[in-house]
Every structure is written in C-alpha cells, then in structure tokens.
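S.K.: As numbered in the numbering used here, residues 1499 to 1610 make up the sequence shown, in order.
All C-beta atoms, glycine included, are put in the ideal place defined by N, C-alpha and C.
Values in this document were obtained by computation on a predicted structure and should not be read as measured data.
Below are the structure tokens for one structure; questions will follow.
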Amino acid sequence: MPEPETAPPPPKDDRLDAVIQAMRLMIETQNTHSQMLARLIELATPSEESPLEDALAGIAGALRDQTTALLQIGTTLDGLGAEVEAGVMRGLATALEPGDDGSQSGAGGETC
1499 MPEPETAPPP
1509 PKDDRLDAVI
1519 QAMRLMIETQ
1529 NTHSQMLARL
1539 IELATPSEES
1549 PLEDALAGIA
1559 GALRDQTTAL
1569 LQIGTTLDGL
1579 GAEVEAGVMR
1589 GLATALEPGD
1599 DGSQSGAGGE
1609 TC
C-alpha cells in the first residue's frame, strides 16, 4: 500500500512570513491589552477633588437650611389657629364693651 502523499513543506520564506504575521498580531493584542489596563488603572486611581463635590456640598447645605426653615414655619403654623382665635376674641370683647364707643364721637354730631 502506497503512503499518502503529503504536501511539501512550504518554502522557508512563507514560514518566516507566517511567524512575522503571528508576531505582529501578538504585539497588536498586547498593545490593546496595555491600553485597557492603563484605562483600568486610571479609573481605579482616586481623582483630585472635583468642583462637583463642592457644588453638591453647597446644595446639601442649602437643603438643610431650607428644612430647618420649613420646620420653623410648621411650628409657627401649629400655634397660629389658637393665636388668631384669641385675637378675634379680644377684638370682639373690646368692640362690645359698653360706654366706650369711640367710633361715633365726632362722626356727624352737632357743631357749635
């Protein structure tokens, strides 16, 4: 039985070109990986203070001040009903006091 024919080995230049092409692809892959690693390191490194942090801190402070003011307004409104009622009652009592009617003195009385 005859042995199957095998393809003759490629000339040395073709093998060398294949190795060179493989090395180029490997270098390209390593460059891509290097860029990816550099980006990961950049993202993992703490950055300098950003103006955004100052702006957010200012907003948080303003919200705290606003909350305090709103709580004070709420406290004032809680007692407002009783104060208005007491004021109306005092005004009504003053208006209904006998003999102290200052609204008619000089309002259409006789002139001399």
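Does DSSP put Pro-1549 in a helix, a strand or coil?
M.R.: As a first step, residue 1549 must be located in the sequence shown, where it is residue number 51. Pro-1549: helix per DSSP, three-state reduction.
S.K.: Using only the alpha-carbon positions, how far apart do Leu-1575 and Glu-1540 sit?
M.R.: Looking up residue 1575 in the sequence shown gives position 77. Looking up residue 1540 in the sequence shown gives position 42. Their backbone Cα atoms lie some 54 Å apart in a straight line.
S.K.: Determine the burial state of Pro-1506: buried for a count of at least 16 other Cβ atoms within 10 Å of its Cβ, exposed for fewer.
M.R.: Position 8 of the sequence shown, counting from 1, holds the residue named residue 1506. By the neighbour-count rule (16 or more Cβ atoms within 10 Å), Pro-1506 is not buried but exposed.
S.K.: Can you give me the C-alpha to C-alpha distance between Ile-1546 and Ala-1555, rounded to a whole angstrom?
M.R.: Against the sequence shown, residue 1546 aligns to sequence position 48. Against the sequence shown, residue 1555 aligns to sequence position 57. With the sequence shown as reference, residue 1546 is identified as Glu, and Ile is not the correct amino acid for it. Approximately 16 Å, taken between the alpha carbons.
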